[in-house]
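Residue numbers (mature numbering (1 follows the signal peptide of the UniProt record, and there is no 0)): -27 to -1, 1 to 42.
Structure record follows, encoded as structure tokens.
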């Protein structure tokens, strides 16, 4: 029974060490460079993407209508 407990403790310790090793105090990657500074820039970018997608769709539908004429 003591051996079984010892194996479980080793497995638990290994799991904790693997989990803790994913955290770094001084990360090498700057993840904040891809974030927005304010809500307005997020909104503007979203509307620009929406407008571009809408315009592309309108052109595609228009060309299909022209082909069917």
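Note that CB positions come from ideal geometry on N, CA and C, so glycine has one too.
How far does the alpha helix (DSSP H) with residue i in it extend, from its first residue to its last?
i: residue 30; result: 12 to 41
i: residue -24; result: -26 to -8
For residue i and residue j, what's the separation of their Cα atoms in angstroms?
i: residue -14; j: residue -26; result: 18 Å
i: residue 13; j: residue -2; result: 31 Å
Using a Cβ-Cβ cut-off of 6 Å (strictly less than) and excluding sequence neighbours within five positions of residue i, which residues of its own chain qualify?
i: residue 9; result: 15
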